[in-house]
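The numbering used here puts the first residue of the sequence shown at 13, with every later residue one more than the last. See structure below.
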Amino acid sequence: MIKKTGTYKIFSTILLVVFSLSLFAQGENDNVQNEDLMELTMRLNSDVSNAKYLNKKGIMYEQAGKLEQALEAYAKAADLSPENPDYFFNKGNMLFQLARYQEAFDAFNETVRIDRFDAQAFMARGNCRAMMCDLEGAIIDYDFVVRIRPTFPRAYYQRGLYNFQAENYRRALKDFNEAIDLEPKFAKGYYQRGLVLNAMERYKKALRDLDKAIQLDPSLAEAYLQRGIALLNTDQAVKGCNDLERALNLGVKEAEVLISKYCGEIN
13 MIKKTGTYKI
23 FSTILLVVFS
33 LSLFAQGEND
43 NVQNEDLMEL
53 TMRLNSDVSN
63 AKYLNKKGIM
73 YEQAGKLEQA
83 LEAYAKAADL
93 SPENPDYFFN
103 KGNMLFQLAR
113 YQEAFDAFNE
123 TVRIDRFDAQ
133 AFMARGNCRA
143 MMCDLEGAII
153 DYDFVVRIRP
163 TFPRAYYQRG
173 LYNFQAENYR
183 RALKDFNEAI
193 DLEPKFAKGY
203 YQRGLVLNAM
213 ERYKKALRDL
223 DKAIQLDPSL
233 AEAYLQRGIA
243 LLNTDQAVKG
253 CNDLERALNL
263 GVKEAEVLIS
273 KYCGEIN
């Protein structure tokens, strides 16, 4: 996820105005002072410009899959323009992809320090918390995202994932309901809701969601596994075993255990 900045110009303009006023007010001072001030102004404006260049360079590296180089560019951009939230966000995103979760958390902290209403940054910080096994903290961040951006389906989805992991099935179900209502063609939303319904032993309802998930995304391997489980639990063993075979063929290794346990006589 890349956030391109357009805010650096405002910061640059403010600096120019401030230093122009200073030059005008101190016009009778000697030339050395004026030259030093002009040099400082040019350097500061150059830093902001370089930060923009480095951010673009980071985007190019990221798109090429060169994450370490992208991280280096984003980090330098953030150092040069420490009040630009987008540079810290991009830095955090690279650190997260490199599984450096504490450092990513720190970068996203800087983003939300600068912009207290950056929903994506709060969600990303929640993801870091979750990866560091702080599910309660993750859900707090997702709660905040939902409050400031209630029409953001992925926020409900993420919160649903960790509510499910914490075995808060009813809350997870409610979150996935919201995500699907906001994004009706969200295949993973249907899959996750089907997974929750399976865990709650509501297999017939789970089947409807898993059918929809597979219809929207036939490559969703885990959906075949969960649909196979739901079918086995609704006395549809042949169909269930066929789904388990599909899941296995798509790389879901867990399906092999279920096939050997429940599908031996059928095959």
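Backbone N, C-alpha and C fix where the C-beta goes; we use that ideal spot for every residue, glycine too.
Contacts around residue 147, its chain only, beta-carbon distance under 8 Å, and the 5 residues preceding and following it disregarded
Taking the sequence shown and counting its residues from 1, one reaches residue 147 at position 135. Excluding residues within five positions, the ones whose Cβ falls inside 8 Å are 141, 174, 177 and 178.
Is residue 217 helix, strand or coil by DSSP?
Your numbering for residue 217 matches position 205 in the sequence shown. Helix at residue 217.
Short of 6 Å in beta carbon distance, which residues of its chain neighbour residue 41, apart from the five on each side in sequence? Order them along the chain.
For the purposes of this step, residue 41 is identified with residue 29 of the sequence shown, where counting begins at 1. Confidence in residue 41 is poor, its pLDDT being 40 and thus under 50, which makes the residue's placement unreliable; the coordinate value appears in the next sentence. Cβ neighbours of residue 41 beyond the five flanking positions: none.
Using CA atoms only, rank isn't needed, just tell me which of 162, 164 and 135 is closest to residue 151.
Position 139 of the sequence shown, counting from 1, holds the residue named residue 151. Measuring from the Cα of residue 151, the nearest candidate turns out to be 135.
Would you mind listing the alpha helix (DSSP H) stretches within the segment 179 to 245 that are 4+ residues and don't spill past its ends, in chain order?
181 to 194, 199 to 211, 215 to 228 and 233 to 244
8 Å Cβ cutoff met for residue 3 and residue 249
In the structure as shown, the chain begins at 13 and stops at 279. Residue 3 is therefore absent and cannot be evaluated.
Element boundaries [alpha helix (DSSP H), containing residue 173]:
Position 161 of the sequence shown, counted from the first residue, corresponds to residue 173. Element bounds for residue 173: 165 to 177.
According to the Cβ coordinates, are residue 133 and residue 97 closer than 8 Å?
Translated into positions along the sequence shown, residue 133 becomes position 121. Translated into positions along the sequence shown, residue 97 becomes position 85. Yes. Within cutoff.
So for residue 138, helix, strand or coil by DSSP?
For the purposes of this step, residue 138 is identified with residue 126 of the sequence shown, where counting begins at 1. Judged by DSSP in its simplified three-state form, residue 138 adopts helix.
Do the segment 162 to 170 and the segment 190 to 202 make contact, defined as three or more Cβ pairs closer than 8 Å?
yes
With a 10 Å radius around its C-beta and 16 neighbouring C-beta atoms as the bar for buried, classify residue 193 as buried or exposed.
By 1-based counting over the sequence shown, the position of residue 193 is 181. Around the beta carbon of residue 193, a 10 Å sphere encloses fewer than 16 other beta carbons of the protein chains shown; the residue is thus reported as exposed.
If you count every other CB in all the chains shown that lies within 10 Å of the CB of residue 129, and 16 or more means buried, which is it?
Taking the sequence shown and counting its residues from 1, one reaches residue 129 at position 117. Exposed, by the Cβ-count rule.
For residue 216, is the classification buried or exposed, using 16 other Cβ atoms within 10 angstroms of its Cβ as the cut-off for buried?
Translated into the one-based positions of the sequence shown, residue 216 becomes position 204. When all chains shown are included, residue 216 counts as exposed.
Of the residues 190, 180 and 144, the one placed nearest residue 164, counting alpha carbons only
Translated into positions along the sequence shown, residue 164 becomes position 152. It is 190.
Can you say whether residue 241 is buried or exposed, counting buried as having 16 or more other CB atoms within 10 angstroms of its CB?
Residue mapping note: residue 241 aligns to position 229 of the sequence shown, counting from 1. When all chains shown are included, residue 241 counts as buried.
Using a threshold of 8 Å, state whether the C-beta atoms of residue 253 and residue 226 are closer than that.
Here the question's residue 253 lines up with position 241 in the sequence shown. Here the question's residue 226 lines up with position 214 in the sequence shown. In this structure, residue 253 lies away from residue 226, with their beta-carbon atoms at least 8 Å apart.
So what does DSSP say about residue 275, is it helix, strand or coil?
Here the question's residue 275 lines up with position 263 in the sequence shown. If DSSP states are grouped into helix, strand and coil, residue 275 belongs with coil.
Please confirm whether residue 238 and residue 262 have their CB atoms less than 8 Å apart.
As a position in the sequence shown, residue 238 is number 226, starting the count at 1. As a position in the sequence shown, residue 262 is number 250, starting the count at 1. It is not a contact, given that the beta carbons lie outside the stated cut-off.
What do you get for residue 234, buried or exposed, if any count of 16 or more other CB atoms within 10 angstroms of its CB means buried?
Along the sequence shown, one-based indexing puts residue 234 at 222. When all chains shown are included, residue 234 counts as buried.
Have a look at 206, 69 and 95 and flag the residue whose alpha-carbon is nearest the alpha-carbon of residue 84.
Within the sequence shown, the letter at position 72 stands for residue 84. Ranking 206, 69 and 95 by Cα distance to residue 84 puts 69 first.
Output the boundary residues of the alpha helix (DSSP H) element that contains residue 253.
Along the sequence shown, one-based indexing puts residue 253 at 241. Its alpha helix (DSSP H) spans residues 249 to 261.
Environment of residue 265 [buried if 16+ CB atoms lie within 10 Å]
Taking the sequence shown and counting its residues from 1, the one referred to as residue 265 is at position 253. Exposed, because fewer than 16 other Cβ atoms sit within 10 Å of the Cβ of residue 265.
Where do the N-terminal and C-terminal ends of the alpha helix (DSSP H) with residue 124 fall, by residue?
If you number the sequence shown from 1, residue 124 lands on position 112. Where residue 124 is concerned, the enclosing alpha helix (DSSP H) stretches over 113 to 126.
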